[in-house]
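Here is the structure we will look at.
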Amino acid sequence: MFLKISLYISLVIFLIALIYKVSTWFRYKIGIGAAEISTSTRFFSAIKGILSTIFSTKILTLLKVFVLDVLLQFRILREDFLRWVMHIFIYGGFMLLLLMHALDKYITVAIWKDYYSTINPFMFLRDLFGALVIVGVLIAIYRRFILKVPRLFTNTMDIYTIVIVAVIMLSGIFLEATKMVAYSDYKRMVDEYSGLSDPGELKSLEAYWVKEFGVVSPNLKEPFDEALLQKGKELHQSSCESCHARPQWAFTGYGAARIISPIGLGIDRARLPSALWYIHILACFVGLAYLPFSKMFHIFASSVSLLANGVIGKEKLAPANRATLQAMELDACTHCGTCSLRCSVIMAFEKIRNMNIFPSEKIASLKALACGKKLSPEELRHIQEGVYLCTNCNRCTVVCPAGINLQDLWFNVRETLLQKGYPEFLVLSPLSFYRGLMKGETVPKDYEKPLIQAREAIAAQCDLMKKKDKALPLTPTDRKLQSGLNLSAQAKTFSVCFGCQTCTTVCPVVGNYENPQEALGLLPHQIMHAAGLGLRDLAFGSNMLWDCLTCYQCQEQCPQGVHVTDVLYELKNLAVKQVREKTLQPSERK
Amino acid sequence: MMEFALFLGCTIPARLTQYESSSRAVLEKLGVGLVDIREFNCCGYPLRNIDFKVFLLFSARNLALAEKKNLNVMALCKCCYGSLKKADFLMKENASLKKEVNTTLEKEGLKYEGRIEVKHLLSVLHKDVGIEAIKGKMATAFKGLKIATHYGCHALRPSQVVGFDNPVAPTLFDQLVEVTGAESIEWPMKLECCGAPLWGINDRLSMDLTLKKLNDGKKSGADYVCAACPYCHIQFDKVQKMILSQRNVNHPLPSILYTQLLGLTLGIDRKVLRLEMNEIPISGIEELLKKETELAEEKELAAQKETKKETAPTKQ
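Shown next as structure tokens:
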């Protein structure tokens, strides 16, 4: 009764949660264009897409992906052998236990008519599968906490997952073990199945089980007389053996039973087996009911992601399906950290302490973003910086064991975040090259906004630029600027500039304009001069800084050996640093 | 055998796979061994505008990884090359920077001492393999092909750091182009920037510069522009295509990667060179390759000359 009620309750919760979670795939809005597509459009578009895939030759690709990537998990194997062993052990062992042990009444019996949980090979296999899961969980713990795999972060969901699996497995093993030592369980079996009633016979059988199989009896203690054991053995062979294999075959349970046998009588008296049964069953049901909200949901989502991305390949998706796919992909992430391990820019974290640089950690932020959680400007800025600090090298996508198209996810989120109005200074770097190539995917009227915004935010910090009459004091305004240009020691060379203007003359950017000062503000030689005078604002506020190609023509041709391009580089660094320092103060945040 | 750690960078594997496949094939043919170091990260170039220290750390980590394996680095990208070179230079010149960077790298058990050399594919082909050795492997050659050779800024300058070739009058790449039988034309804007560093930052300016350069190449009679850098090539290829549609220009100057150009004359499989991957079609270039009959004739002529030479002294 208890079993049924709790099973149904957890099953109902599971199903409702599953429907809810899947519905978020059609409801959550990620990236450009998603806001304008209704949930029903997305739903029917997905159904159409799925049906047209199933009834086409793509079904073969789908089957291939299902076998190689979903079942055999080749994508994990390609990355890390130990992790593959871990995962295949946990997932394989768990699935087999689910099918052959938890659902034995429905599945195992249907296949093997003479199934009985206490006979071999079933008894042995159950323990073998359990042992696989235990080994897998131990590897998981080893990797996370002892080996400390680089860039593998552990969050509460990872710990929950390890704990719930461990509780289910350990309670199962100890349930088996306590039943092996418990006298009342032995007694019940003898009463139900042996058909023996003669006290002498019962005694000899009991002695045999105590000696051979670890039952802890309140009546009998070793050593036993040979004849008694011989008699017990015969009785065992005639009454028990045909439907109860030697308990040693259940090796994990038997091993545990040997350990706990000194307190065997107490275990029985406290009815620990039934307590453990409740724990085992409840842990399974809690795991089931909570599954859609936990990392375990990846069982479904990662499979869907692998299959979907397997058939999509490099095809361009309809916007409705792209929105759905990306919402689903957020659930497919298992937080395994492979992307962060292979990420091209992860070293940046050594200098820029923003967890959103790690692709594996970005996902959690994107989940918060997708479900519409209210995020502070600071959080949004951090996510924006994290998704922009990316060379779009595609490595994360190539290695993701769940087949998530991470690069496209970053691109899409990047575009929406950039339109939220927080200036992102990384747009003024060659990281934007990719954005330029992907111009066609952006909203044309919004494309230039982030670029203008970043330049304006920097210029806004330069008060001297705003002076209308341009009358400046003759004394250097900022003596620190000179000594501030010390990143590589090469930049300090600007002090030997004698104003010959060669740098400006050879600059292809200057040469591109009829009236260069209007377009660029200060020209290269003027910037060198401004730096010499400590006129920080004039140097920082000039468009020339951000329109520099870094082609090094100026530096190469300077007769004085001024490292013009390197000075410009450093000024850019300083300008970004200054504007960040000034604008990131909470009081100035709007 | 010569061996290098191949530094692909971020752009090539993601957006220019034909450069990787053609380079690998060409280098294999010429007997250059390549080692892939999977742990390589971004060279740091894109971050130089924003944070110098991040750039240096990125580059130095790559150098340290290669040094750990005692391998010189070969970059295919000129911007990667320039950045790695710059970092190498700074690590050797500035002891305090070196110490700071190595302290961070030590967390991973890495450190850079400056024992290895950074090279670009072109310098490997020119100096390590050598023009004569390449000639010896030629299967065919181009005839009547005019190439606008594009050097790429970050390979040439700052010359004090990179030491790639004479920064004012370089010949290295021209020689490599002429090995294929093509003519490397003279063009005024040969050493100018491709415009890529500003693509995505100031598109109008970037387009102006690219278009000016390409027009100059065309006016000077080039059939194709040839680059050996993913940024330059993408700028001349995909971005040129975008410019064409936006600015109503009708006659593009298509771009061919140097390894595709050389690969064609080395007789490398077309499937590996993947000419069709270029956005502006370049398949027409194959028609300028000498036919087998022409090659046979040439051989015959050469053989005749030889015999003449041999017979000449005996007559005297």
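Just so you know, the protein sequences line up as chains A and B, in that order.
Under our numbering, residues 120 to 709 are what the first sequence spells out, in order.
Under our numbering, residues 91 to 406 are what the second sequence spells out, in order.
Built from N, CA and C at the ideal position, the CB exists for glycine as well.
All values derive from a computational prediction rather than experimental measurement.
In this structure, residue 477(A) keeps its C-beta atom at 8 Å or more from the C-beta atom of residue 194(A).
Take residue 285(B), set aside five residues on each side of it, and the residues of its chain with a beta-carbon closer than 6 Å to its own are 296, 299, 300, 325, in chain order.
The beta-carbon of residue 100(B) is placed less than 8 Å from the nearest beta-carbon of chain A. Taking residue 253(A) as reference, the option from 284(A), 277(A), 142(A) with the minimal CA-CA separation is 284(A). Around the C-beta of residue 548(A), 16 or more other C-beta atoms lie within 10 Å, and the residue is accordingly described as buried.
Taking residue 95(B) as reference, the option from 318(B), 335(B), 165(B) with the minimal CA-CA separation is 165(B). Here the alpha carbon of residue 389(B) sits roughly 32 Å from the alpha carbon of residue 344(B).
Judged by beta-carbon spacing, residue 122(B) lies within the 8 Å limit of residue 214(B), meaning their Cβ atoms are closer than that value. In the displayed model, residue 454(A) falls within coil according to three-state DSSP, outside both helix and strand. Taking C-alpha positions only, residue 303(A) is separated from residue 134(A) by approximately 38 Å. Using a Cβ-Cβ distance cut-off of 8 Å, the stretch 646-657 of chain A and the stretch 99-112 of chain B are not in contact, since fewer than three pairs of beta carbons, one from each stretch, lie closer than that value. Chain B has no Cβ within less than 8 Å of the Cβ of residue 196(A). Only exposed fits residue 225(A), as fewer than 16 other CB atoms lie within 10 angstroms of its CB. Counting only the Cα atoms, residue 413(A) lies some 7 Å from residue 276(A). Cβ-Cβ separation between residue 643(A) and residue 619(A): approximately 11 Å, too far for a contact (criterion under 8 Å). Distance from the Cα of residue 613(A) is smallest, within the candidate group 686(A), 561(A), 203(A), for 686(A). With the rule of 3 Cβ pairs closer than 8 Å, the stretch 156-176 of chain A does not count as touching the stretch 512-522 of chain A. Inside the stretch 266-338 of chain A, DSSP marks whole alpha helix (DSSP H) runs of 4 or more residues at positions 275-300, 302-308, 318-332, from first to last along the chain.
Counting only residues of its own chain and dropping the five nearest sequence neighbours on each side, residue 180(B) has a CB closer than 7 Å to the CB of 146, 187. As the crow flies, the alpha-carbon of residue 575(A) is around 15 Å from that of residue 538(A).
Using a Cβ-Cβ cut-off of 7 Å, residue 298(B) is close to 631 of chain A, given in chain order. By the CB criterion at 8 Å, residue 280(A) and residue 415(A) fall inside the cutoff. Linking residue 239(B) to residue 375(B) through their CA atoms gives a straight-line distance of about 15 Å. Burial of residue 623(A) is indicated by the presence of at least 16 other C-beta atoms within 10 angstroms of its C-beta. For residue 190(B) and residue 571(A), the gap between their C-alpha atoms comes out near 35 Å. Interface flag for residue 142(B) against chain A is set, since a Cβ pair is found closer than 8 Å.
The alpha-carbon of residue 364(A) is positioned some 11 Å away from that of residue 355(A).
Closest in C-alpha terms to residue 364(B), from the list 111(B), 184(B), 99(B), comes 111(B). Taking a 10 Å sphere around the C-beta of residue 555(A), we find 16 or more other C-beta atoms and assign the residue as buried. The Cβ of residue 305(B) sits no closer than 8 Å to any Cβ of chain A. In the DSSP assignment, the residues bridged to residue 314(B) are 237(B). Taking all protein chains shown into account, residue 341(B) has fewer than 16 neighbouring C-beta atoms within 10 Å of its C-beta and is therefore exposed. Annotated three-state conformation of residue 273(B) is strand, per DSSP. It is roughly 6 Å from the alpha-carbon of residue 335(A) to the alpha-carbon of residue 384(A). Going by DSSP, residue 189(A) is part of no beta strand (DSSP E) at all; its letter is neither H nor E.
With fewer than 16 other Cβ atoms from the protein chains shown falling within 10 Å of its own Cβ, residue 125(B) counts as exposed.
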